[in-house]
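For reference, the structure discussed in these notes is given below.
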Amino acid sequence: MKTLLRSALVAVTFTGLFAGCGLLDPKPEGGEGGGGGGSDMSETMLNSAKDQPTMYFVALPPNPKVGMWWEHTASGTKMKYAITAAKDDKLVVEQEQDYGGTMLVNAWLVDPSVDMMAEVKEGEKVNHNVSMAWVGIKGKEAHERKVMDVPVYKKAETTGEQVDYTEGDESVKLAGKTWDAHWTESGESKTWMVKGTMFLLKSMYQGKVSMELTGVGGDAKSGLKWDGGGEEKKEEK
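All the letters of the sequence shown, read from the start, carry residue numbers 3 to 239 under our numbering.
The following block contains the structure:
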């Protein structure tokens with residue numbers, strides 16, 4: 003059961019990584035290529051992002067704390083996440099993304115105590131660790147946005163076809179560090195995660211790297227203004 007659940011969670015992890023990276027491309031009034039200035043377009047992009055619900059979980063690295071950041075790269079696209087504050091035993095995770103020339107910052111309030119690998123029974127909600135979310139133009143105030151409804155876990159219907167599935171543990175060197183990893187392999191896909199977590203290290207398809215961890219650090223700063231005060235959201239004890 004846990005092996006099958008891990009396989010399903012691998013797919014969900016990919017969805018979560020790209021959740022903040024969807025390309026929004028609304029057309030300005032007056033048709034394609036016409037009307038609207040840069041400021042109007044930025045507001046249009048922000049409103050589009052606010053109207054789009056965001057994922058209900060963020061995969062955190064081991065021992066997460068304020069100041070940590072990490073970067074994944076997939077097909078040349080870099081996705082950088084940063085823990086910029088703590089609030090009520092939860093962590094504020096931010097991610098900057100260029101939406102059609104407008105730099106937006108997605109933010110989530112994440113509960114690090116949630117075990118994303120815990121077994122879920124059929125009929126129960128899948129594991130989730132996001133309780134609130136925001137989005138804003140970089141350097142400006144944060145606006146609250148809706149979090150996706152958490153789905154209920156249902157066992158996948160079997161087709162009768164046997165799918166080869168193997169898994170194991172090994173050390174992986176990425177982003178200047180050595181990680182204690184757990185790998186899973188099915189068909190032409192192989193994925194490495196930090197052992198006991200949903201934190202993705204590397205994924206390969208047909209022998210080629212499709213996504214991998216390319217950077218980590220400890221000097222993260224907030225890209226949004228919080229509480230209307232024009233300052234970063236400070237860590238609350």
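From the three backbone atoms N, C-alpha and C, an ideal C-beta is built for every residue, glycine too.
With respect to the 7 Å criterion, V154 and H130 are not classified as neighbours on the basis of their beta carbons.
Around the beta carbon of E96, a 10 Å sphere encloses 16 or more other beta carbons of the protein chains shown; the residue is thus reported as buried. For Q208, there is no enclosing beta strand (DSSP E), as DSSP gives it neither H nor E. For the set D182, T75 and K204, the Cα lying nearest the Cα of K192 is the one of K204. Annotation: the continuous beta strand (DSSP E) that includes W71 extends over W71 to A76.
Annotated three-state conformation of L226 is coil, per DSSP. Residue burial annotation: Y58 is buried, with at least 16 other C-beta atoms found within 10 angstroms of its C-beta.
In the same chain as K52, and ignoring 5 residues on each side of it, the C-beta atoms closer than 7 Å to its own belong to V137, H145 and R147, in chain order.
Non-local C-beta neighbours of V218 in its own chain, meaning closer than 6 Å and more than five positions away in sequence, comprise W72 and A177, ordered along the chain. One alpha carbon belongs to G170, the other to W185, and they sit about 5 Å apart.
In the structure shown, T46 falls within a helical segment according to DSSP collapsed to helix, strand and coil. Between the alpha carbons of V116 and I139 lies a distance of about 29 Å. In terms of Cβ geometry, S224 and T56 do not form a close pair [threshold 7 Å]. A distance below 7 Å separates the beta carbons of L106 and Q99.
In the three-state reduction of the DSSP assignment, S115 falls in the coil class, being assigned neither a helical nor a strand state.
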